[in-house]
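Encoded as structure tokens, the structure appears first; notes follow it.
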Amino acid sequence: MRVQQISIFLENKKGRLAKVTEVLGENQINIRALSIADTTDFGILRLIVNKPQLAYQVLKEAGFTVSTTDVIAVEVTDQPGGLSNILRHLDKVGINIEYLYAFVTQTTSAALIVFRVEQVDEAIKVLQGNSIRIVPGDEVYQI
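See the structure below:
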């Protein structure tokens with residue numbers, strides 16, 4: 001039920017993001033979702049891709065500082081209050097959201113949100129126990 005996220009440390013310099021996407025494209029790796037958090041000097045690019053192990057390998061070989069993190073992809077009802085419902089269940093049991101970002105898809109009427117939490121297994125259990133669909137990694141990589 002976990003999704004493998006690739007995180008790349010990028011110097012905030014011209015062309016660095018373009019180089020990441022070039023390396024991925026040359027290796028037939030498709031970006032499914034992304035988020036960038038930046039400061040004046042550097043940024044962290046977080047990616048969900050169709051081939052996470054290969055992405056890690058080719059980015060490392062290209063000289064990037066890369067890591068992987070387990071995240072959860074959650075199907076959220078695409079209506080007002082949909083995200084609030086999910087967050088309320090996690091809050092009730094004290095699970096903190098470190099960050100989240102949207103995942104755009106055209107294959108479903110629901111939205112997908114990627115969550116990073118400290119207690120991944122507990123979060124999965126709580127959400128599934130409340131009939132919230134967790135989208136497995138294999139399915140996410142193919143969207």
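At the far end of the sequence shown sits residue 143, using the UniProt record's numbering, and the numbering has no gaps. The beta-carbon is built from N, C-alpha and C at its ideal position, and this holds for glycine as well.
Beta-carbon contacts of residue i that lie in its chain and below 8 angstroms, excluding the five residues immediately before and after
| i | result |
| --- | --- |
| Thr68 | Gln4, Gln5, Ile6, Ser7, Pro52, Tyr56 |
Beta-carbon gap between residue i and residue j smaller than 8 angstroms
| i | j | result |
| --- | --- | --- |
| Leu100 | Leu45 | no |
| Ala102 | Ala111 | yes |
Cutoff 7 angstroms; reference residue i; Cβ partners in own chain excluding five residues on either side
| i | result |
| --- | --- |
| Asn27 | Leu54, Val58 |
Segment limits, alpha helix (DSSP H) that includes residue i
| i | result |
| --- | --- |
| Ser7 | That residue, Ser7, is in no alpha helix (DSSP H); its beta strand (DSSP E) goes 3 to 11. |
| Ala55 | 52 to 61 |
| Ile86 | 82 to 92 |
Residue i: CB within 7 angstroms of a non-hydrogen atom of the ligand HEM
| i | result |
| --- | --- |
| Tyr101 | Absence of the ligand HEM from the depicted structure is noted, as is the absence of any ligand whatsoever, leaving it without description. |
Opening and closing residue of the beta strand (DSSP E) in which residue i lies
| i | result |
| --- | --- |
| Ile113 | 111 to 117 |
| Ile72 | 65 to 76 |
| Ile97 | 97 to 103 |
Same chain, Cβ closer than 6 angstroms to residue i, neighbours up to 5 away in sequence not counted
| i | result |
| --- | --- |
| Ile36 | Gly43, Leu45 |
| Val126 | His89, Val93 |
Per-residue burial, residue i [other beta carbons within 10 Å of its own, 16 or more giving buried]
| i | result |
| --- | --- |
| Ala33 | buried |
| residue 144 | Residue 144 lies beyond the stretch modelled for the chain, which goes from 1 to 143, so this question has no answer here. |
Which complete beta strand (DSSP E) runs does the segment 17 to 57 hold, if anything under 3 residues is left out? 31 to 38, 42 to 49
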